[in-house]
Structure formats: C-alpha cells, structure tokens
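In the numbering used here, the protein residues as written are -9 to 483.
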Amino acid sequence: MSHRLRRAAAMLLSLALCFSAVLGTAGAAQADAARDGEWWLKASGISNAWEVSKGAGVKVAVIDTGIDTSHPDLRGGKDVSGSGNPDGSKPLGTLPEHGTLVATLLAGRGNNKAAIAAAKADAAAQKIAYDRAVKSAKEAKEDPPKAPEAIEIPKPGPGPDGVLGVAPEAEVLSVSLWMGTENPAGISVEDQVPAAVKWAVDSGASVINISLGSTQPDWPVSWDTAFKYAEDNDVVVVAAAGNRAGGMKQVGAPATIPGVLTVAGIDRNGKASVDSSTEGISIGVAAPADPLVGGLPGGGYADWSGTSGAAPLVAGVAAMIRSKYPDMKAPQVINRILSTARPAGPAGVDNLYGHGILDAYAALTAPVPEVKANPMNTITEWIRVHRRGPEVRTGPTADPGISTEKSSIKPIAAPAPVAPGDEAGFLPPLLVLGFGGLLVLTMLGGIMHFVRIRNRAAMAESAKSAPVAALKLNDRSGAKDIFDELPESGRDV
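Laid out in structure tokens, this is it:
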C-alpha cells in the first residue's frame, strides 16, 4: 500500500459524523415543541411541496450509526459493522443517537402519542365515572346503569406531534456502521462504507444519505467500485459537506466523490453557518443546518446542528422528486434540486452555497430543462482519468529477445549513398551571420539590464538612509513617477 493510501486509510478510520453537537437531551425538546422547532419546513418550501409529493413508494437508505426504529416517529435494514442488529436497528459507536437524528429529519412521520394519551385519560375517567354510578345504584338498590361505549385508543402512528421529516411517506432502510472508537467486530470504516453502499443499491434504494465525512478530500480506491455501482444503477447519493466546529475546514470524502450531491449548511437567517458547515468546490446546494431538532433513540428529542441534518433534508426532497417522477433519472433529479435553488452569495456557483439554497417546492414543480449529464460530474469518468495505470498481465511473461517467427516479406535493398552537392549555395553563410547578430543583440540587452538593476539597488540603498523627499532622481520625461524606480517591500522588481 502506498504512503498516500496508508494516510487515507488512517484518515478514514477516524471518519467524523457531520454534526456539531447534540445541544439537548431527551427531555430538552418535547414532542409538541419539536414540531414547532422545525422552521425549515416552511423556509425551504417543504410544507408546500407536500401538496405534490411526500415520497411515497421510494426507498431511502440512511448509512449511519443505526436507527432506533422503535422511535414513534419512525417506521421501518442491514448492519455492515458486524457489531449491530442484523436489521440495522441498533444504534452503534460513540454517537449512537446520530443515525436516529438523521432519519427523523429525512422521513420522520410524527406521532400521535398526545392523542393516545388523551384517549387513555378519557377512558380512565369514563371508567371511574361508571364505577361510581354502579356503586351508587347498588347502594340505592337500583339496577346498574348501562355500560357506556368504550373509548377507542388509537394505535401508534403518524400524527401532529414529534418530528415530521421531509419525505414522511418514504421507506427508510437503515444501514448501520460502527464509528468513532475501534469496532469490536474488527471491520474498518474503510470496508464498511462500500459494503453499505452496495447493500443499499441491491436492496432497492433509489436515494442514499451519508451524513459522515473525513477531514481529507481523497478516498480509498476500494470506494470507487461502490460509488460507481450506485451511479450505474441510477441511485442519487447525498452527502454532508462537514462542519468547521468538527475540525473540517474543507469538504472531505465521501462528499468530494464525483456524482455525489454535496450539501452545505445555513443558519436560520439564510447565511452560511460559521460552525455548522464548511466550504469546497464540490458543494452542490445548501440547506438548513443550524439550529435543528430531531428524534433520539428511546423516543426522545434533541436540539442539534450540522450538515448531518442538512443532507437528509436534501435527500428527502430527492425522494419526493423520485416519487412524483418515477421515470426520472438520477442526473435529472439532482439537476432539478440545483437549478431551482434560491440564489445566495456571489452570482453563479460558489464554495459556500454551491448553486444556492434548497427550494423543495420549486424542485418539484418548476419547469426544468433536461441535462445531458450529472451536474455534479461522474465517478465513472473520474476513475477513467485518475485511476489509470500500467496494464496488469496475469499470464507468464515471454522472454525478451529476437523473434523466431519467419517473415514472408521480401527484403528491400538499401538505397545507394549520395555525395553532398553544392545546391545549398549562399544559405549556410547567411544563417551563420544571422545567428551571430542575434547573439550580439542578446549580450547588449543583458548588459543594459545589469546596469539598470545596479542603479535600482543603489537607489534602494539610498532610500534606507534618507526620506523619499531627499532622493535625487535623474530628470526624465514621461508619465512614470519617482516611486516607479523604487523596489517594493525590499524586493528588486
């Protein structure tokens, strides 16, 4: 393994999750407050987009630390770490809550826990009232009252409380990785990521969200095949750009892989977040990243921030588009998101916002011309250009030497030598004179340049011991002022 690959492998072992911090605990943001805190639903045009699509019929893979599918806002894997539940439902690693936070923003269905609690309270009150009525009837030696109709307790399901994701009707596939500390199963992140991508593609995901990244832009060669596999199978891959607060000053892999839709983060004012985002030429679009609220394993909620949350918002919009336009290819889905983004920052594409800020409703409804290729480029072409190497021969190498094969071509006699003639005439002497004159001119130019440099050096030395006003300069005509002949910052010009 080359030094570069060893460095990449070491870097990938410490892949960071792209969120700044969990700012609250399970009790910090209750279900009703969680829905109120989802300011991005309106700001990004998501609530309006629900009139068109909610992602029904689309599978979205969340490659992360595992998803607690018992959370009331989630319904609906695979573990590639070797340390989790087979269906990817066990949160893993140093930050086990990360995957659930991401998944609730992407496809949280909300919950009806408040309605269930209210129905249970009404049923309890009804039972108390009926029991009292029966007791009173017995004491009065009267017939007991007829039992009232039982109050129906709703089954757990989607509702007005909790976190409602961008694509609440999409199906989530949890693919769990072990991140942070050393994986007890001994499988490296370098190996887990490509396995996760390939499994997601084979399991029918048409959108993949990856809210993790490294501090380096390069990636292992082993990832080439996996991301090309996703590209060849028409899958939209969305990745978080990373956060400065997490030590990422620039976009790192896998968000640097060609073809991947990379997402930067903005704050509530629509500005690039200082801590919860980063910058780089591979950024495609920006989405809300600070502040955020999401679901925790066990059913709680937390305030948090980072492009880890911005990426699933964009992945959710991709799922909505694929649901609305089931025959649309991945490059066109990505193009819709980019071409309908609201302008931000300098005109055109820049390193902070990419093409602009996410507008879900426009991405679903605006007339967008088709493109010939993915505007985020293609991993297939990148591999062709950058992974080229000498042809590898698997068979035995023939001994070098003279061929023993007989040729059927008749030998041709070599031409007879011809003595030089005088056809050149006066041309050689003329060429000698011309080159001689050029040499003389070059020498004169060098002498003049040396004299000029010496004069400037003398003037600079004088400038060190006297003010500019005291310098005596030769009289000269033209537009140049006295500062033209003075060296800048002590350097000869």
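Cβ coordinates follow ideal geometry from the N, Cα and C atoms, glycine included.
Nothing here was measured: the structure is a model prediction, and the numbers come from that model.
- Residue state for Lys314 is assigned as helix, using DSSP reduced to three classes.
- Going by DSSP, Lys117 is part of no beta strand (DSSP E) but of the alpha helix (DSSP H) stretching over 103 to 129.
- As computed with DSSP, Lys49 is found in a beta bridge with Glu161.
- Every unbroken stretch of the alpha helix (DSSP H) spanning 4 or more residues and falling wholly within the segment 198 to 225 is given here in chain order: 212 to 222.
- Residue pairing from DSSP places Ala254 in a beta bridge opposite Ala276.
- Selection Gly170, Ser313, Asn364, Asp214 evaluated against Leu85 yields Gly170 as nearest (Cα-Cα).
- Note on geometry: alpha-carbon atoms of Gln240 and Ile247 lie some 14 Å from one another.
- Considering only Leu31, Val183, Gly155, Lys80, the residue with the shortest C-alpha distance to Gly285 is Gly155.
- Gly56 and Lys80 do touch by the CB rule: their CB atoms are close to 5 Å apart, below 8 Å.
- With distances taken between CA atoms, Glu41 lies nearest to Leu354 out of Thr370, Glu172, Pro278, Leu354.
- Between Ser201 and Ala97, the C-beta gap is not smaller than 8 Å, which leaves the two residues out of contact.
- Between Val361 and Pro321, the C-beta spacing is below 8 Å.
- Contact between Thr252 and Ala231 holds: CB atoms are separated by about 5 Å, below the 8 Å threshold.
- In the assembly as shown, Ala107 is an exposed residue. Its beta-carbon has fewer than 16 other beta-carbons within 10 Å.
- Just so you know, the alpha carbons of Gly299 and Gln206 end up roughly 21 Å apart.
- Proximity of the segment 123 to 135 to the segment 265 to 278 falls short of the contact definition, fewer than three beta-carbon pairs being nearer than 8 Å.
- By the criterion of a C-beta distance shorter than 7 Å, Asn38 is surrounded in its chain by Tyr351, once the five residues flanking it on both sides are discounted.
- Within the same chain, Cβ atoms closer than 6 Å to the Cβ of Gly147 are found at Asn102, the five residues on either side in sequence being excluded.
- Around Thr370, the same chain offers Lys218, Glu221 as residues with beta carbons nearer than 7 Å, after the five sequence neighbours per side are excluded.
- Under the 10 Å beta carbon count, Asn233 is surrounded by 16 or more other beta carbons and is classified as buried.
- Look at Tyr343 here: in three-state DSSP terms it is coil, with no helix or strand label.
- In the displayed model, Val307 falls within a helix according to three-state DSSP.
- Between the alpha carbons of Ala305 and Ser212 lies a distance of about 24 Å.
- Setting aside the 5 residues that flank it on each side, Thr59 is surrounded in the same chain by Ser79, each with a C-beta closer than 6 Å to its C-beta; the list follows chain order.
- In the DSSP assignment, Leu354 falls outside any beta strand (DSSP E) and within the unbroken alpha helix (DSSP H) covering 350 to 355.
- Rounded to whole angstroms, the Cβ separation of Ser263 and Ala243 is 21 Å, and the two are not in contact under 8 Å.
- The C-alpha of Ala292 lies about 12 Å from the C-alpha of Arg25.
- Leu96: member of the alpha helix (DSSP H) spanning 88 to 97, first to last residue.
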